[in-house]
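Residue numbers for the sequence shown follow the working numbering, beginning at 131 and rising by one.
Where is the CB? At the ideal position from N, CA and C, for every residue including glycine.
Here's the structure, in structure tokens; my notes come after.
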Amino acid sequence: MSENKIQLDFFAKIKEQLPPTTSLADEISDVIDLSIDSVYRRLRGETALTINEIHTLCNHFQISFDSLTDSFEKISFFYGKMSDSQGFNSYLTDIMNDMLVVAKGKKKKIIYAAIDIPIFHHFNFPILSAFKMFYWMKAVVNVDYLATKKFDISIASTEFAEIGKKIFEIYSNIPSVEIWTHETVNSLVKQIEFYWDSGNFSTQEDALAVCSQAKEQLSLIEKQAEAGNKVLNTLDNENSSFTLYNSDIEIGNNCIYTQSGSNERLYLSVHTFNKIVTNNQVFIDDSLKWLDNLMKKSNLISGVSQINRYKFFKAAQEKLDILIKKIEE
131 MSENKIQLDF
141 FAKIKEQLPP
151 TTSLADEISD
161 VIDLSIDSVY
171 RRLRGETALT
181 INEIHTLCNH
191 FQISFDSLTD
201 SFEKISFFYG
211 KMSDSQGFNS
221 YLTDIMNDML
231 VVAKGKKKKI
241 IYAAIDIPIF
251 HHFNFPILSA
261 FKMFYWMKAV
271 VNVDYLATKK
281 FDISIASTEF
291 AEIGKKIFEI
301 YSNIPSVEIW
311 THETVNSLVK
321 QIEFYWDSGN
331 FSTQEDALAV
341 CSQAKEQLSL
351 IEKQAEAGNK
361 VLNTLDNENS
371 SFTLYNSDIE
381 IGNNCIYTQS
391 GSNERLYLSV
401 HTFNKIVTNN
411 QVFIDDSLKW
421 LDNLMKKSNL
431 ISGVSQINRY
441 KFFKAAQEKL
451 DILIKKIEE
């Protein structure tokens, strides 16, 4: 692959991320602080990008330059990490920005193989999402100032809630396919139960409030699955379509495929909720084959699949009912 072609392919990848009305030359000019004439010479391949310019563009547009020459044996990943409360703000903002990129595409899609309920759903329920954030920061990240704290709904972060609500709204307008197992719901139930058993709720009422919103969340997702749409009572079925599968095959890791126009990405969760991301086409194609095979071997529980859907969500709700009874007693 010639140097000229690599550079042109690099600019093509950047252009895929931009809205149709945005000028590629203007965007590049702003990012690397060059005149329009200088940018056009680079866009035409007449002038080679410098190492510093490549570094700046890769960081800004989250593109791995290595991906242009990646092979089957060598694949580049970005690593997204969260380490403290400020990091969680950045973590949520990164999710929102990623969702905005997907939402801008004329052709867009998300396929999510989930070991626990996809984070997007939680953000429509402020108490539940506050619990999840508290749980992650205390139990997984070990944030120092939370070491002696108990979960109290009165101290939930309004800033996190606002970002989360935006993420939910964006996700609700992207066509999505989700693949759940029975453990997908169990994960949430076990987290709530563990916090109750270990005395990490401030009051019984706080624990019951989390359980109540978990039940509301499952009821809403069941209705969305029945309608095949994440936005109920809407005529815009295409942009908010929702397909849900129940897999008997255990999913070892959250695997998320996103498409925005011709721009594709594959996300894998690591260390609970950190992520690695790649746009390597070989890896994405193999992952799509795995996801497609998983769907073929799963039970469809959205749309007309009334019996399978009823059984799945009834079993999930019963687990929460048992936990609620335990907390009340």
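So, helix, strand or coil for residue i, using DSSP?
{"i": "Glu448", "result": "helix"}
{"i": "Ala243", "result": "strand"}
{"i": "Leu148", "result": "coil"}
{"i": "Thr177", "result": "coil"}
{"i": "Leu362", "result": "coil"}
{"i": "Asn423", "result": "helix"}
{"i": "Ser215", "result": "In this prediction, Ser215 has a pLDDT of 48, which is less than 50 and means its spatial position is unreliable; nothing more can be read from the coordinates."}
{"i": "Phe298", "result": "helix"}
{"i": "Thr388", "result": "strand"}
{"i": "Leu338", "result": "helix"}
Determine the closest residue to residue i out of the options, with distance taken between C-alpha atoms.
{"i": "Lys360", "options": "Trp420, Arg174, Phe298 and Ser332", "result": "Phe298"}
{"i": "Asp224", "options": "Leu374, Phe290 and Lys262", "result": "Phe290"}
{"i": "Thr186", "options": "Glu157, Tyr209 and Thr333", "result": "Glu157"}
To the nearest angstrom, how far is the alpha carbon of residue i from that of residue j?
{"i": "Asn182", "j": "Ile431", "result": "50 Å"}
{"i": "Asp246", "j": "Asn316", "result": "8 Å"}
{"i": "Phe136", "j": "Ile162", "result": "Here residue 136 is Ile; the residue named in the question, Phe, does not match the sequence. Each residue's alpha carbon lies about 19 Å from the other."}
{"i": "Leu154", "j": "Phe442", "result": "48 Å"}
{"i": "Ser159", "j": "Ser165", "result": "6 Å"}
{"i": "Met267", "j": "Val169", "result": "43 Å"}
{"i": "Lys427", "j": "Asn272", "result": "38 Å"}
{"i": "Pro150", "j": "Ile322", "result": "45 Å"}
{"i": "Arg395", "j": "Asn303", "result": "18 Å"}
{"i": "Phe253", "j": "Arg171", "result": "45 Å"}
{"i": "Tyr221", "j": "Leu418", "result": "26 Å"}
{"i": "Leu421", "j": "Asp167", "result": "45 Å"}
{"i": "Gln411", "j": "Asp378", "result": "28 Å"}
Report the CB separation of residue i from residue j in whole angstroms; it is logged as a contact under 8 Å.
{"i": "Gln347", "j": "Phe255", "result": "5 Å"}
{"i": "Gln147", "j": "Phe218", "result": "That pair is no contact at about 25 Å."}
{"i": "Ile300", "j": "Ala233", "result": "5 Å"}
{"i": "Glu356", "j": "Arg439", "result": "7 Å"}
{"i": "Trp326", "j": "Ala337", "result": "5 Å"}
{"i": "Val319", "j": "Leu453", "result": "6 Å"}
{"i": "Gln354", "j": "Lys238", "result": "Actually they do not touch by this definition, with Cβ atoms about 18 Å apart."}
Starting from residue i, trace the alpha helix (DSSP H) in both directions and tell me its first and last residue.
{"i": "Ser287", "result": "Run containing Ser287: none; DSSP gives neither H nor E here."}
{"i": "Ser194", "result": "First-last for Ser194: undefined, no H or E at that position."}
{"i": "Ile257", "result": "Pro256 to Tyr265"}
{"i": "Phe250", "result": "Ile249 to His252"}
{"i": "Asp160", "result": "Leu154 to Ile162"}
First and last residue of the beta strand (DSSP E) that includes residue i?
{"i": "Trp310", "result": "Ser306 to Trp310"}
{"i": "Ile115", "result": "Residue 115 lies beyond the residue range present for the chain, which begins at 131 and ends at 459; the question has no answer from this structure."}
{"i": "Phe372", "result": "Phe372 to Asn376"}
{"i": "Ser399", "result": "Asn393 to Val400"}
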